[in-house]
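Take a look at the structure below.
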Amino acid sequence: MSGDETPIEDLLDTLPENWDAQLPRRSPGMLGISVINWRALTKDEAPEIWTELGEWVDWFIRRYNLPTRKIPPCWYKHGALVEELSALHAAWLVSFDNLDAGYGPIGWHERLAVAIPRLAGWYNGECHNGHTELPQGSDHYEPRDWPDWIASSHAE
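In this text, residue positions in the sequence shown follow our numbering: the first is 40, and each later residue adds one.
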């Protein structure tokens with residue numbers, strides 16, 4: 040170790056108490072990609088986060104021609120689907136980051152292949168609490184309650 044390097048232990052000792060409680064709920068990682076902690080999402084952050092994920096899910100469903108039995112129009116009301124789709128979105132973003140060496144897209148498709156059966160497990164083709172709404176034949180489907188839904192964090 041050269042004379043101008045500080046041991047990591049000394050650096051850690053300089054952190055204020057409870058420093059990790061002050062971390063943002065949505066912060067860019069090393070590659071600049073934000074991973075969402077849905078349990079910590081605030082009402083102020085919710086509209087932007089839900090809108091971003093909703094736009095990506097809409098693209099993802101159309102791009103990969105996924106049927107509603109895999110990802111229903113009410114996906115956002117199914118917590119496990121939200122978590123899985125959010126994780127896929129983050130992995131997709133990272134796979135196209137400028138710092139990636141070029142293996143990201145194939146790695147993302149490998150993750151997708153593992154995730155598709157899980158999606159089917161999180162949603163078995165029907166809603167048990169009566170909120171299923173089927174698309175009305177447009178390229179972009181936005182459920183009637185979407186604007187109200189994204190106004191809250193639903194962090195429970």
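C-beta: ideal position from N, C-alpha, C; glycine also.
The model shown is predicted, which means the values in this text are computed figures rather than measured ones.
Practice item. With G146 as the anchor, note down where its alpha helix (DSSP H) starts and where it stops. Key: G143 to W161
**Study point:** Anticipated Cβ contact below 8 Å, Y162 with L120, distance rounded
**Key:** 6 Å
Point to revise | Sufficient close CB pairs (3 or more, under 8 Å) joining the stretch 184-193 to the stretch 80-92 | key: yes
Check your understanding: Quick one: Cα of I47 to Cα of A130, how far?
Key -> 30 Å
Review point. Since T90 is in the alpha helix (DSSP H), which residue starts that stretch and which ends it?
Key: A85 to R102
Exercise for review: Throw me the rounded Cβ distance for the S134 and G118 pair, which I believe falls under 8 Å.
Suggested key: Not quite, the Cβ-Cβ distance comes to about 25 Å (not below 8 Å), so this is no contact.
Exercise for review: Could you tell me the boundaries of the alpha helix (DSSP H) in which W77 lies?
Suggested key: Neither: W77 is in no alpha helix (DSSP H) and is coded neither H nor E.
**Study point:** Coil, strand or helix - I189 by DSSP
**Key:** coil
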